[in-house]
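Keeping their order, the protein sequence lines are chains B and C.
Everything in the first sequence is counted per our numbering, starting at 2 for the first residue and increasing by one.
Everything in the second sequence is counted per our numbering, starting at -6 for the first residue and increasing by one.
We put the beta carbon where it would ideally sit given N, CA and C, even for glycine.
Everything below concerns the one structure shown next.
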Amino acid sequence: MRRWLALALLAPAAQACELPGGAAQSIRSPTHSVVYRAAPRVGEHFAVEFAVCPAPEGVQLDAWMPAHRHGMNYAPSVTALGGGRYRAEGLLFHMPGEWEFVFVLRAGGATQRLVRGLRVE
Amino acid sequence: MRRWLFLGLAAASAAQAASEAEVRAIAAHGPWPPAFRADPSNRASGNPAAIELGERLFFERRLSANGEVSCSRCHLPERNWTDGEARAQGLARVDRNAQSVVNARLQRWFGWDGAQDSLWAQSLRPLLDARELGASAAHVAGLLRADRDLACRYREVFGELPAEDEAVMVGAAKALAAFQETLVSARTPFDEFRDALLKGDAAGMAKYPEPAKRGLGIFLGKGACNTCHTGPAFSNGEFHDTGVPFFIEPGRVDAGRHEGIRKLRASRFNLLGPYNDDPRRSTATGTTHVTLEHRNFGEFRTPSLRNLALTAPYMHNGRLASLRDVVNHYSTVSPDRLHSDGEAILKPLKLSAQESRDLVAFLESLQDGGANYRRRPLAADCR
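Written out as structure tokens, the structure reads:
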């Protein structure tokens, strides 16, 4: 019993993630971590590089503007780069204001959404 | 609601009173004019010979089926490259207002519905529309092959004329685009104010009329017009339902962006098609990823506000005669006219008479005078 407890304490609820290349944002759920890097500018297409740990069976990225009740006019495509790393392309924030990145992870027969807000000017 | 305190103050104190957010919001509408960037999808972009060919073709009536209609029928230089009519008239009356081609090179999508994703594809569309020039690939190619001067100029830009009529026509459209890329509006009183603000030049800021300053405050604050009218061109380049009725006549509606996306995807002239000169498809990101949703029905592209005062009447169907009418539309717009599943942005601004006048004054300060184009004299025939 003591041994199992120790293992549970040593293993973080969501495995730590790293993304090469400097500063990045992170989101955690009880089971997963997402680390991402993006530099969106209003009215310009941009890409998001991110890592998910542990690697899920499937992942999607979307974005949403809650106050305006709309998302983007574009559906990003996500390419797996291997090792739990991904690149999403085709995003565009067409308005300044409060947006949310929504990472949708599928793992173990379940789907979860990890959300992080950001302000774009 | 954020208050825009400094815009109503005397210029001398304005620089101190402006918050960083306020300055950033104003700075986002410049600098102007933007630097030229060639369109990689068009190998004629920025080519002087293509620009000269395109200028000739723009005013060339023989491009039309009956030899009487040119692009300049609806895009008149003296009217800021539009026509002053509610709905444009080529060979027949169309359903929409003719948009100016000034600053068109800055757009991501073209036309009120964005059915085209490049300026050259947009230049192709009216050639083939039966209500506009009513031509065909064979007709356009026939003219370019038969006219010695045009054929010579075409060869200067693209090499020998292709055997396929369609390829010749696309070349003509790319030359038309190269010419239109040169049409950029000049600096305006707003640009002078913006730059003076960024430099802390109180004397320069003081030259901007007080009603325009107050109107700018409404534009950025109470009106939140910069939610959609973003950036140096005052347009986010995307599509919105603004509560303007989209019935054309009984039993006929203008589906706007919804139909535009369907046309875009079906077109062999889009940036994913064979006529894109850029093997990397570097400007095709939007075409690849654009989504079609029910809410796109009745959405129309956000127009630029530069030189707006010169392009009456307004909205996609030209139903509003003046800037005052446009401001009144947004002041009184009924949410009941908007898609129930659409974006929740518009609400009636309920502007006072003074606020409406100030907002119009600001919009008028985005005008450069509209007289910066001089048609170049016809050079000797190309041989």
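Within-9 angstroms CB hit, residue i to chain B
i	result
W(-3) of chain C	Because W(-3) of chain C sits at a pLDDT of 49, beneath the cut-off of 50, its placement in the model cannot be relied upon, and the point is left open.
H282 of chain C	yes
T278 of chain C	yes
C64 of chain C	no
R245 of chain C	no
E61 of chain C	no
R288 of chain C	yes
A337 of chain C	yes
D361 of chain C	no
C218 of chain C	no
R36 of chain C	no
N229 of chain C	yes
A28 of chain C	no
For residue i, three-class secondary structure by DSSP
i	result
C64 of chain C	helix
F172 of chain C	helix
T276 of chain C	coil
W(-3) of chain C	Because the pLDDT at W(-3) of chain C is just 49, under 50, the model does not fix this residue reliably, and the value given afterwards should be weighed accordingly. It is coil, neither helix nor strand.
D271 of chain C	coil
D194 of chain C	coil
C218 of chain C	helix
Y307 of chain C	strand
W113 of chain C	helix
V60 of chain B	strand
Y87 of chain B	strand
Q100 of chain C	coil
Q92 of chain C	coil
A111 of chain B	strand
T80 of chain B	strand
I241 of chain C	strand
G39 of chain C	coil
The ligand NAP heavy atom lying under 8 angstroms from the CB of residue i
i	result
Y75 of chain B	Because no ligand of any kind appears in the structure shown, any question about the ligand NAP cannot be addressed here.
Cβ neighbours of residue i in the same chain (closer than 7 angstroms, five flanking residues each side left out)
i	result
M(-6) of chain C	The predicted model places M(-6) of chain C with a pLDDT of 40, which falls under 50 and marks its position as unreliable; any figure quoted below should be read in that light. The answer, listed in chain order, is G214, K215.
V79 of chain B	V60, Q61, L62, Y87, A89
R4 of chain B	Its pLDDT being 44, under 50, R4 of chain B is placed unreliably in this model, and the coordinates cannot settle the point.
L264 of chain C	S34, D110, S111, R274, T276, A277, T280
E159 of chain C	A130
N73 of chain C	S93, V95, N300, L303, T304, G363
A25 of chain B	V36, Y37, R38
N99 of chain C	For clarity, residue 99 of chain C is Leu in the given sequence; the question names Asn instead. Excluding positions up to five away in sequence, the list reads P27, A226.
S324 of chain C	P341, L342, K343, L344, S349
Counterpart residues of residue i in DSSP-defined beta bridges
i	result
W100 of chain B	B:L119
M66 of chain B	B:H71
Y37 of chain B	B:Q26, B:F51
P82 of chain C	Here residue 82 of chain C is Gln; the residue named in the question, Pro, does not match the sequence. Per DSSP, C:R86.
R294 of chain C	C:F232
T75 of chain C	C:L69
V283 of chain C	B:Y75
H22 of chain C	According to DSSP, which records beta bridges pairwise, H22 of chain C is partnered with nothing at all.
9 angstroms Cβ cutoff met for residue i and residue j
i	j	result
D106 of chain C	A226 of chain C	no
L404 of chain C	L352 of chain C	Given that chain C is displayed from residue -6 to residue 376, the structure contains no residue 404 of chain C and the question cannot be resolved.
A44 of chain B	H95 of chain B	Reading off the sequence, residue 44 of chain B comes out as Gly, not Ala. Closer than 9 angstroms, so yes.
V133 of chain C	A165 of chain C	yes
R80 of chain C	R89 of chain C	yes
S57 of chain C	L121 of chain C	no
E185 of chain C	K206 of chain C	no
Proximity test, Cβ basis, 9 angstroms: residue i and chain C
i	result
A64 of chain B	no
G118 of chain B	no
E58 of chain B	no
G44 of chain B	yes
H76 of chain B	Here the sequence assigns Ala to residue 76 of chain B, which means His is not the residue at that position. Closer than 9 angstroms to some Cβ of chain C, the Cβ of A76 of chain B qualifies, so yes.
A39 of chain B	no
E122 of chain B	yes
A68 of chain B	yes
H95 of chain B	yes
E101 of chain B	no
E90 of chain B	yes
H71 of chain B	yes
Neighbourhood of residue i by C-beta, 6 angstroms cutoff - its chain only, sequence neighbours within 5 removed
i	result
A85 of chain C	R124
V143 of chain C	It should be pointed out that residue 143 of chain C corresponds to Leu in this sequence rather than to Val. For L143 of chain C, where only same-chain residues beyond five positions count, the Cβ hits under 6 angstroms are L137.
S38 of chain C	A31, D32, A171
A108 of chain C	G253, K256, L257
G291 of chain C	D234, F239, G249
V326 of chain C	G236, L339, P341
R146 of chain C	L46, C375
N219 of chain C	L213
8 angstroms Cβ shell around residue i - same chain, five flanking residues per side excluded
i	result
R180 of chain C	W25, P26, D361
F51 of chain C	S63, C64, S65, H68, L169, F172, Q173
A97 of chain C	F103, L112, Q115, Q173, E174, L176
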